[in-house]
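In structure tokens form, the structure reads like this:
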């Protein structure tokens, strides 16, 4: 050890010996511990409160989901529409017939196709496809009654049974061919193109709306 | 449950040494008391879990001091006007001790910690390194730099 180091040690020790007030130290330690516990308790309480609120909200949402999707009776029982045995007559609505053919909230459409009077085929259109068809029918211009259409070019009748959350809505009936007059007894449309799609199509996805004047008759691919 | 009696005995046995070490570290009587209090509070929270309470307390004391010397945006800010007039706080005021405190103040926080642990607490280089959680080589170089500066200062 060099002399300077020993001198340094002696110098560093000079003045030592002053004692700590142990009681004061302990009192301050206890105060600090109490504050720390209070803070921890407050933070823990806040966390528990947040978790409790979150749990209650989650429980309520799960309860709603259980109530509507799983287990127990459904508040709106599944409605099954069935096709009439024979072709219904296209009703003639009183003028003006500009109301909607299909109500809001259509969840499915039962399509019943009749050849002359006999039910030949039927299919169900569900979900977005059903809503799309309903919208497309409603968007057609109302039948003014002034136009004279050649009726009965075919003997195909189509009955559309819209189903909503409230049950089966009034049946929409149309004749394929000519103007395709379609009615639900309160509104009327000339829906020849849409009826043709429903008669022929098997897909539930409705084809895009194509204006009749824009249909191309050019040469196809060779 | 902490053994408060054992903690009290520990403070009574080592309080004076810790307080003096804190005064050497801070060069300020009030700050030294605060530093010891803070360190003992931290030790008290872990009392019973530290295998060597004195070594642990030294480490806490030094690390708390070094942490306090780092300038942080939420920490203390220097001001032009001091709120209080500095006093010796009851510390003995011999010329020699004042000179030593002044020389220690010129060291960095790490160098001061190394000097206090090595030459006041009589720790080995290895224990000093362990207390500061730095390599032994860093302790050696810091001690060498500190002694050189203190010698230079002493010669002046």
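Residue numbers (this note's numbering), protein chains in the order written: chain A, 5 to 226; chain B, 62 to 217.
Beta carbons: idealized from backbone N, C-alpha and C, even for Gly.
Predicted model only: the values in this text are computed from it and were never measured.
### Message
Counting only Cβ pairs nearer than 8 Å, list the residues of chain B close to residue 66(A).
### Response
Those within 8 Å of residue 66(A) in chain B number zero; the least Cβ separation is about 41 Å.
### Message
Please report the straight-line C-alpha distance between residue 151(B) and residue 38(A), rounded to a whole angstrom.
### Response
Below a pLDDT of 50, predicted positions are generally treated as unreliable, and residue 151(B), at 46, falls in that range; the measurement from the model is reported next regardless. In a straight line, the C-alpha of residue 151(B) is about 31 Å away from that of residue 38(A).
### Query
What are the complete alpha helix (DSSP H) segments, minimum 4 residues, inside the segment 102-168 of chain A?
131-143
### Query
Which bits of chain A does residue 73(B) rub up against, with CB to CB less than 7 Å?
26
### Task
Starting from the Cα of residue 122(A), find the closest Cα among 140(A), 160(A), 146(A) and give me that residue.
160(A)
### Query
For residue 124(A), which residues from the same chain have a beta carbon less than 7 Å from its beta carbon, with the 5 sequence-adjacent residues on both sides left out?
117, 118
### Query
Mind pulling the chain B residues with CB within less than 8 Å of residue 44(A)?
Those within 8 Å of residue 44(A) in chain B number zero; the least Cβ separation is about 11 Å.
### Task
In the DSSP assignment, find the beta strand (DSSP E) that holds residue 173(B) and state where it starts and stops.
From DSSP, residue 173(B) is part of no beta strand (DSSP E) but of the alpha helix (DSSP H) over 170-176.
#### Entry: Close-in-space but distant-in-sequence residues of the same chain around residue 162(B) (CB under 7 Å, 5 per side omitted)
88
### Minimum Cβ-Cβ distance from residue 41(A) to chain B less than 7 Å
no
### Query
Is residue 144(A) closer than 7 Å to residue 113(A) when the C-beta atoms are compared?
no
### Message
So residue 2(A) contacts chain B; which residues on that side make the cut at Cβ distance below 8 Å?
### Response
The displayed coordinates of chain A run from 5 to 226. Any statement about residue 2(A) would go beyond what the structure contains.
### Residues of its chain near residue 188(A), where Cβ-Cβ distance is below 6 Å and the 5 sequence neighbours each way are ignored
105, 174, 176
### Task
Examine chain A for any beta-carbon lying closer than 7 Å to the beta-carbon of residue 77(B), and answer yes or no.
yes
### Any C-beta of chain A under 7 Å from that of residue 69(B)
yes
### Message
Let me confirm a value: residue 94(B) is counted as buried when at least 16 other C-beta atoms fall within 10 Å, else exposed. Which label applies?
### Response
buried
### residue 110(A) and residue 127(A) closer than 7 Å at C-beta
no
### Query
Along chain B, in chain order, which residues have C-beta atoms closer than 8 Å to that of residue 30(A)?
65, 68, 69, 72
### Strand pairing of residue 192(A), partner residues [DSSP]
187(A)
### Message
Less than 6 Å between C-beta atoms, sequence neighbours within five positions excluded: which residues of the same chain meet that for residue 167(A)?
### Response
83, 85, 111, 112
#### Entry: Helix, strand or coil at residue 150(B) [DSSP, three-state]
Reliability fails at residue 150(B), whose pLDDT of 48 lies under 50, so the model's placement of it is uncertain and the value that follows must be treated cautiously. In the structure shown, residue 150(B) sits in coil (DSSP, three-state: anything other than H, G, I, E or B).
### Message
Strictly under 7 Å for the Cβ-Cβ distance: is residue 189(B) near chain A by that measure?
### Response
no
### Task
Count the other CB atoms, across all protein chains shown, that sit within 10 Å of the CB of residue 202(B); report buried if there are 16 or more and exposed otherwise.
exposed
### Task
Check whether the Cβ of residue 23(A) lies closer than 7 Å to any Cβ atom in chain B.
yes
### Query
By the criterion of Cβ-Cβ separation under 8 Å, what are the contact partners of residue 106(B) in chain A?
37, 40
### Query
Within 10 angstroms of its Cβ, does residue 209(B) collect 16 or more other Cβ (buried), or is it exposed?
exposed
### Query
What three-state label does DSSP hand residue 70(B) in the structure shown?
helix
### Task
Report the option in 26(A), 15(A), 47(A), 146(A) whose CA atom is closest to the CA atom of residue 103(A).
146(A)
#### Entry: CB-CB length for residue 24(A) against residue 177(B), believed under 8 Å
Wrong, their Cβ atoms sit about 17 Å apart, outside the cutoff.
### Message
Using only the alpha-carbon positions, how far apart do residue 104(B) and residue 184(B) sit?
### Response
20 Å
### Task
Count the other CB atoms, across all protein chains shown, that sit within 10 Å of the CB of residue 83(B); report buried if there are 16 or more and exposed otherwise.
buried
### Query
Got a sec, what are the start and stop residues for the alpha helix (DSSP H) residue 92(B) sits in?
90-106
### Query
Using a Cβ-Cβ distance under 7 Å, would residue 55(A) count as near chain B?
no
### Query
Nearest CA to the CA of residue 67(B): which residue from 60(A), 68(A), 30(A), 40(A)?
30(A)
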